[in-house]
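Chemist:
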Amino acid sequence: MSEILFDEVPSLDLADFTSGDEGRRARFVQELGNAYQNIGFIALKNHGLSDDLTERLYAAVKKFFALPDEVKQKYENPELAGQRGYVGKGKEKAKGFNTGDLKEFYHVGQELAGIPDSDPIKAEYPDNIWPAEVPELKETTLEAYSKLEAAGKQVLRAIAIHLGLEENYFDEKVKYGNSILRPIHYFPIENPDSVPADAVRAAEHGDINLITLLMGASADGLQVLRRDGKWIPITALPEQVVVNVGDMLARLTNNKLKSTIHRVVNPPRELMHTSRYSIPFFMHPRSEMDLTCLESCIDEQNPKAYPDATAGEYLNERLVELGLKKA
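In structure tokens:
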């Protein structure tokens, strides 16, 4: 397939895939494949999130991050390697960077009450942590988690068809997967001279997981690195979410699908005192999923690029690189 250099992230409609119309489904799969083999990002509408839910969620998130740091820190548990609850300012750094990102965030995972006791995966997950000061955060994050997980499963079905796999290839692999909803606050910098010169809101990185679904960010700054070396802005309409390929999917497909480097740049100096919020949903499989490169994605021109690993092994390796877990 010839290389396409997109000037903007392609827009797709999930209703085309779920419509039951074979022509619309086939067109969606083809356009998704073109995007993911080239730029690794799409903007998606009809994803199931309502405007009302989005507004309620952002209101709860802003209310939490407005709390004093000493209150937020009550919900930080270093023993969990940042996998649940609050993670403080500058704690996470991108792979290959020594300076922490100018952000703080909150992690919500699978709610254990929804997982049958008979499923051994239940023992792998810690309980979610809920702030007493913002009780509505639990309801809104869990509702958004459910909606984004459902949309993600549909996108993965389309990916499976594009790869020549059974449509339900990913279904059991992501059932009660280790997915994370991460409300992020890129906090205001009142004195830009007080932060390290190389500090940015989110240094260039690839996501760890299968796919990421990003609810509209509250300010500009997200950029993706095109393969010709040009950074292009990622903009989505209010009714869209941005959906990108993560490193686990790139490994599985031997880089046929592109986990593209992206970043969140600092605003102009005169706007450094402003906040930015975004809420990505990192869709992970179960830890036992085999990420061994698919045989159909390996040939003479594209020899196997990665050693075999499970999703759990790879996640652990990356958490150490991010500074969230000790080796």
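Under the UniProt record's numbering, think of the first position of the sequence shown as 1, with each following residue one higher. Ideal placement from N, C-alpha and C gives every residue a C-beta, glycine not left out. Computed from a prediction, not measured in an experiment: that's the story for all the values here.
1. Please state if the CB of Pro183 and the CB of Gly216 are separated by a distance shorter than 8 Å.
2. In angstroms, rounded to a whole number, what distance separates the CA positions of residue 378 and Asp52?
3. Please go through the same chain and pick out, in chain order, the residues whose beta-carbon is closer than 6 Å to the beta-carbon of Ala309, but skip the five residues on each side of it.
4. Using 8 Å as the threshold, is the stretch 274-288 in touch with the stretch 225-237, meaning 3 or more CB pairs across them?
5. With a floor of 4 residues, list each alpha helix (DSSP H) that falls wholly inside the stretch 58-114, ordered by position along the chain.
6. Thinking Val320 and Tyr36 are a contact (beta carbons under 8 Å), I'd like their distance in whole angstroms, please.
7. Please report the Cβ distance between Val241 and Val9, rounded to the nearest whole angstrom; I am assuming they are in contact, meaning their Cβ atoms lie under 8 Å.
8. Could you tell me which of Met283, Tyr277 and Phe282 sits nearest to Thr54, measuring between CA atoms?
9. Is DSSP giving Val242 helix, strand or coil here?
10. Determine the contact status of Leu49 and Lys153, defining contact as a CB-CB distance below 8 Å.
11. Spatial neighbours of Pro188 within its chain, please: C-beta separation below 8 Å, excluding the five flanking residues on both sides.
12. Quick test of your reading: Pro126 and Leu80, contact by CB under 8 Å. State the CB separation rounded to the nearest angstrom.
13. What does the Cβ neighbour count give for Asp228, buried or exposed, with the cut at 16 atoms within 10 Å?
14. For Ala186, which residues does DSSP report across the bridge?
Modeler: With the given structure in hand:
1. On the sequence shown, residue 216 is found 216 positions in, with the first residue counted as 1. On the sequence shown, residue 183 is found 183 positions in, with the first residue counted as 1. Cβ distance not < 8 Å, so Gly216 and Pro183 don't count as in contact.
2. Because the chain spans 1 through 327 in this model, residue 378 falls outside it and cannot be assessed.
3. Within the sequence shown, numbered from 1, the residue matching residue 309 stands at position 309. The beta carbon of Ala309 sits closer than 6 Å to those of Leu291, all from its chain and outside the five residues before and after it, given in chain order.
4. Remark: fewer than three beta-carbon pairs, one from each stretch, lie closer than 8 Å, so the stretch 274-288 and the stretch 225-237 are not flagged as touching.
5. The qualifying runs are 69-72.
6. On the sequence shown, residue 320 is found 320 positions in, with the first residue counted as 1. On the sequence shown, residue 36 is found 36 positions in, with the first residue counted as 1. The C-beta separation of Val320 from Tyr36 comes to about 28 Å, leaving the pair out of contact by the 8 Å criterion.
7. In the sequence shown, residue 241 corresponds to position 241, counting from 1. In the sequence shown, residue 9 corresponds to position 9, counting from 1. Taking C-beta atoms under 8 Å as the contact rule, Val241 and Val9 fail to qualify, at a distance of about 11 Å.
8. Translated into the one-based positions of the sequence shown, residue 54 becomes position 54. Per the Cα distances, Tyr277.
9. By 1-based counting over the sequence shown, the position of residue 242 is 242. Assignment of Val242 by DSSP, reduced to helix, strand and coil, places it in the strand class.
10. As a first step, residue 49 is located in the sequence shown; it is residue number 49 there, counting from the start. As a first step, residue 153 is located in the sequence shown; it is residue number 153 there, counting from the start. Not a contact, by the Cβ cut-off of 8 Å.
11. If you number the sequence shown from 1, residue 188 lands on position 188. Result list for Pro188: Met272, His273, Thr274 and Ser275, in chain order.
12. Position 126 of the sequence shown, counted from the start, is the residue given in the question as residue 126. Position 80 of the sequence shown, counted from the start, is the residue given in the question as residue 80. Going by Cβ atoms, the distance from Pro126 to Leu80 rounds to 5 Å, so yes, they are a contact pair.
13. For the purposes of this step, residue 228 is taken as residue 228 along the sequence shown, with counting starting at 1. With fewer than 16 other Cβ atoms from the protein chains shown falling within 10 Å of its own Cβ, Asp228 counts as exposed.
14. Your numbering for residue 186 matches position 186 in the sequence shown. Just to set this straight, residue 186 is Tyr in the shown sequence, not Ala. Beta-bridge pairing links Tyr186 to Arg276.
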